[in-house]
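Residue numbers (the working numbering), protein chains in the order written: chain B, 1 to 221; chain S, 1 to 221. A virtual CB, placed ideally from N, CA and C, is assigned to each residue, including glycine. Please read the structure below before turning to the comments.
Protein chains: 2
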Amino acid sequence: MSLSDLFGGDPVVSGQQVRIEPTQQRSTARLSGLLDAAAVVVDEVGFDRITTAMVAERAGASIGTVYRYYPDRVAVLQALRERAVLRFRQRVVEQLRSSGPENWWDAVDCAVTAFVDLYRSEPGFRIVHFADRERTPISGSEELESGYFARQLAGVLAEEFGLHGGPELIFRLEVTVEMADSILSRAFHSDPNGDERFIAECRRVMRDYLVGYYGPVAASV
Amino acid sequence: MSLSDLFGGDPVVSGQQVRIEPTQQRSTARLSGLLDAAAVVVDEVGFDRITTAMVAERAGASIGTVYRYYPDRVAVLQALRERAVLRFRQRVVEQLRSSGPENWWDAVDCAVTAFVDLYRSEPGFRIVHFADRERTPISGSEELESGYFARQLAGVLAEEFGLHGGPELIFRLEVTVEMADSILSRAFHSDPNGDERFIAECRRVMRDYLVGYYGPVAASV
DNA sequence: GCTCACCGAGCGGAACTCGATCATAGAAGT
DNA sequence: ACTTCTATGATCGAGTTCCGCTCGGTGAGC
């Protein structure tokens, strides 16, 4: 169970994904180009005002090309969100590899850092949260991104740092993820660089919450 | 500075509100009927798929009537959200009055109870969060609902229960509100009655967070 | 009777389709 | 290897459908 197994790979909830998987090299470039364009446009005009025509034009493609790959307008946004989440997971892995965490908190902190970095650098990232609520009606079967990420993170923390795993840990990590997502989003709401006060407080909240259950950081391992 | 001053009254960020204020009695009923319909439809088809025609039909009105009062589709949703927030504030006041909180935590707890109750009973409430992010592009001037509510709540806690007020308290309460909003929303994501586990954990998180700054509940006053 | 409220056909524009046209990969031929 | 050759993937964009929104005409309240 390596890091790349945990965090890499396919998106969790593939919302029908694409209509037709691209086979040629040029078309895969097109596909990511479409998402790049969508990301930029989303930052410019917002979630509601984005039109497929804008995306097509910005990507230097025609309308038809958009609909070749995505069944409808919202599917484009879903795909954008999925890609952002994927990149987040990959960034977490990089961060873990490069920083070499010595305890469980360092590992959790990597995730925060990755999230903040992407918020700052990746166009369209602010639009795309873990919690995709309020959009789909009920659809109880579909799993939340936060749940998946919490499960994966629980695996790492349990294996690498000896935290007692199981559903308890997963539950608490999911709560943690939800908290962090909301506070960090708040940090970026009116500050493109992220309000450091909220970011710091987010780390503090997460740490205190988890320490409450799993003891001081230094004690584990 | 009474409770009704704090929590009652007009919405914070009135998004142009209505085009024409209704004067006759029948039309005010129409207006709220439109929002009722919108709430139900939002629960059924979701935020993205809602159409003005659906709202009109469900309300037993015609398309033109919708547009008599609201400039566009999103204005209807904004109005719905504002009404929900208003009802939440009113509910908090009721809750505070009826339960007679003896310390600051009881007061905060009232807000949680009000939120949960409304989530359960009020159609469309799940769609309508404090954090309205990800929709508008940047628009830095506009204030978040969470900030307003935090400020009002800070006033109550400082005056009634002797917590040390000021920007610190407001900041922490805003963090608290964001956390609570996200965790509670998670609780209701796949359970229309709200997953009690998340609800309980939400209370716990809020309490621990605030106790960390303001000492044990019993100590104050 | 004067204004407020309501209606719903109609207009404009955005979402989405589909058959014609072009590009590419890779097999077949030299 | 190096060039056709061609099946199929990829692209285009005019056209269709549907939805957001307007506006002049009709009815209900004060």
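Give a yes or no on whether the minimum CB-CB distance between residue i and chain S is below 9 angstroms.
i, result
"M54 of chain B", "no"
"Q165 of chain B", "Before going further, note that residue 165 of chain B is Gly rather than Gln in the sequence given. Output row for G165 of chain B: interface = no."
"R207 of chain B", "no"
"E82 of chain B", "no"
"P216 of chain B", "no"
Could you tell me the boundaries of the alpha helix (DSSP H) in which residue i lies?
i, result
"D109 of chain S", "104-121"
"S99 of chain B", "73-99"
"H189 of chain S", "167-189"
"Y209 of chain B", "196-214"
"I63 of chain S", "63-69"
"L163 of chain B", "Note, L163 of chain B: premise wrong, no alpha helix (DSSP H); not H, not E."
"L34 of chain S", "25-45"
"G52 of chain S", "Reading off the sequence, residue 52 of chain S comes out as Thr, not Gly. First-last of the alpha helix (DSSP H) with T52 of chain S: 52-59."
Within the 9 angstroms Cβ cut-off, does residue i reach chain B?
i, result
"R186 of chain S", "yes"
"D36 of chain S", "no"
"D48 of chain S", "yes"
"G212 of chain S", "yes"
"V92 of chain S", "no"
"F171 of chain S", "yes"
"E134 of chain S", "The predicted model places E134 of chain S with a pLDDT of 46, which falls under 50 and marks its position as unreliable; any figure quoted below should be read in that light. Interface residue, yes."
"V40 of chain S", "no"
"V221 of chain S", "Low per-residue confidence applies at V221 of chain S: pLDDT is 46, beneath 50, and the placement is therefore not dependable enough to give any value."
"G33 of chain S", "no"
Would you please state the rounded distance, in angstroms, between the beta carbons of residue i and residue j? I believe it to be under 8 angstroms.
i, j, result
"L86 of chain S", "A59 of chain S", "In fact, because the Cβ distance is near 20 angstroms, the residues do not count as touching under 8 angstroms."
"R73 of chain B", "I20 of chain B", "At roughly 18 angstroms, the Cβ-Cβ gap does not stay under 8 angstroms, so R73 of chain B and I20 of chain B are not in contact."
"R207 of chain S", "W105 of chain S", "6 angstroms"
"I127 of chain S", "F47 of chain S", "6 angstroms"
"V217 of chain S", "N103 of chain S", "5 angstroms"
"V175 of chain S", "E201 of chain B", "6 angstroms"
"I183 of chain S", "E178 of chain B", "5 angstroms"
"G65 of chain S", "R30 of chain S", "According to the sequence as given, residue 65 of chain S is Thr; it is not Gly. Contact holds; Cβ gap of about 7 angstroms."
"V41 of chain S", "V55 of chain S", "6 angstroms"
"L96 of chain B", "A107 of chain B", "6 angstroms"
"L163 of chain S", "Y214 of chain S", "6 angstroms"
"G124 of chain S", "D43 of chain S", "6 angstroms"
"L80 of chain S", "A38 of chain S", "5 angstroms"
"A84 of chain S", "E57 of chain S", "Wrong, their Cβ atoms sit about 22 angstroms apart, outside the cutoff."
If the cut-off is 8 angstroms on Cβ atoms, which residues from the stretch 141-157 of chain S count as contacting chain B, listed in chain order? L144, S146
> According to a CB-to-CB cut-off of less than 7 angstroms, which residues of the stretch 173-185 of chain S neighbour chain B?
Replying inline: V175, E178, M179, D181, S182, I183, S185
Taking any Cβ of chain B, which residues in the stretch 61-75 of chain S have a Cβ under 7 angstroms from it, in chain order?
V74
- [ ] Return the residues of the stretch 190-203 of chain S that lie within a Cβ-Cβ distance of less than 9 angstroms from chain B, sorted by chain order.
- [x] S190, D191, P192, R197, F198, E201, C202
Determine which residues of the stretch 116-129 of chain B have a Cβ less than 9 angstroms from any Cβ of chain S, and write them out in chain order. R126, I127, V128, H129
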